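Peer 1: So that we are looking at the same thing, I have put the structure below in C-alpha cells.
Protein chains in written order, with the numbering used here: chain A, 1 to 90; chain B, 1 to 95.
So this is what it looks like as C-alpha cells:
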C-alpha cells in the first residue's frame, strides 16, 4: 500500500473529491512530522504511538575494514504499535 | 499529542470541513492502513516512512519460572522505518 492507495480509500469511503483527499492525507502526515520535529510524541489511538528518542554519540566500527568511526548523536523516530494493531497483524 | 488534538488542529487549518468530517477522514486513513497490514501488506508513505511485517518463526521457549518447555507459534511483528528525508530533517541534515 502506498500513499496513493490511502488517498483512494479516503476518496471512496468518505466521498471527498480526490484532490481534497490527497490534500488531507498530506496534512495528516505533515502534522505527525511537525509534532515529532518539535520533540513531542503522538498517539493515534487504535493504531500506535510515534515518538522521538535522542541517541548519544557512540563508536561504531566498519565491519569490513574494522575502522572505528564516531556515530554522531542523533534523533530517531520509534513507532510502538497499539495492542489492537498488533493483534490484527499477528 | 493525540489523534483528537490533531483532528482539532486540522479542523482549524482546513476550510470548509467540520470537525466530524475531519475525524472521519483521519480515522479512514488509519483504518485503511491497519486493514492493509492485517492483510499482510507493507505500507510505503513517501517522505514519512515504511511499515513492514516481519515473520517470526515458531520456536520452543521455556517458562522461566517452571522451566517447562512451551511451543511459541510463528507470528508476524510490525516494524516502522522512518524515511530518509524525514530522518535528515529531524537531524538538521540538508538533503
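Backbone N, C-alpha and C fix where the C-beta goes; we use that ideal spot for every residue, glycine too.
Given the structure is predicted, the values throughout are model-derived calculations rather than measurements.
Kindly list the residues whose CB is nearer than 7 Å to the CB of residue 32(A), restricted to its own chain and excluding five residues on each side of it in sequence; keep chain order.
Peer 2: Cβ within range, chain order: 42, 50.
Peer 1: Hey, is residue 45(A)'s beta-carbon within less than 8 Å of any beta-carbon in chain B?
Peer 2: At least one chain B Cβ lies under 8 Å of residue 45(A).
Peer 1: Determine, for residue 35(A), whether the minimum Cβ-Cβ distance to residues of chain B falls below 8 Å.
Peer 2: Yes, its Cβ sits closer than 8 Å to a Cβ of chain B.
Peer 1: What residues in its chain sit with their C-beta under 8 Å from that of residue 59(A), if we drop five residues either side in the sequence?
Peer 2: Excluding sequence neighbours, residue 59(A) sits near 68, 69, 70, 71.
Peer 1: May I ask you to report which of helix, strand or coil DSSP gives residue 18(A)?
Peer 2: Reduced to three states, the DSSP call for residue 18(A) is helix.
Peer 1: With DSSP collapsed to three states, give me the class of residue 39(A).
Peer 2: Note: residue 39(A) maps to coil in three-state DSSP.
Peer 1: Count Cβ pairs between the region 21-29 of chain A and the region 58-69 of chain B that sit closer than 8 Å; are there 3 or more?
Peer 2: No: fewer than three Cβ pairs fall under 8 Å.
Peer 1: Check this for me: beta carbons of residue 88(A) and residue 38(B), under 8 Å apart or not?
Peer 2: In contact: residue 88(A) and residue 38(B) (Cβ atoms closer than 8 Å).
Peer 1: DSSP three-state label for residue 86(A), please.
Peer 2: Residue 86(A) falls in the helix class under three-state DSSP.
Peer 1: Within 10 angstroms of its Cβ, does residue 10(B) collect 16 or more other Cβ (buried), or is it exposed?
Peer 2: Residue 10(B) is buried by the Cβ-count criterion.
Peer 1: Does any CB atom of chain B fall closer than 8 Å to the CB of residue 31(A)?
Peer 2: At least one chain B Cβ lies under 8 Å of residue 31(A).
Peer 1: Comparing the C-beta of residue 57(A) with each C-beta of chain B, is any distance below 8 Å?
Peer 2: With 8 Å as the cut-off, residue 57(A) does not count as an interface residue toward chain B.
Peer 1: Is the region 71-86 of chain A close to the region 3-17 of chain B, with three or more CB pairs under 8 Å?
Peer 2: As far as the Cβ criterion goes, the region 71-86 of chain A does not touch the region 3-17 of chain B, which means the pair count is below three.
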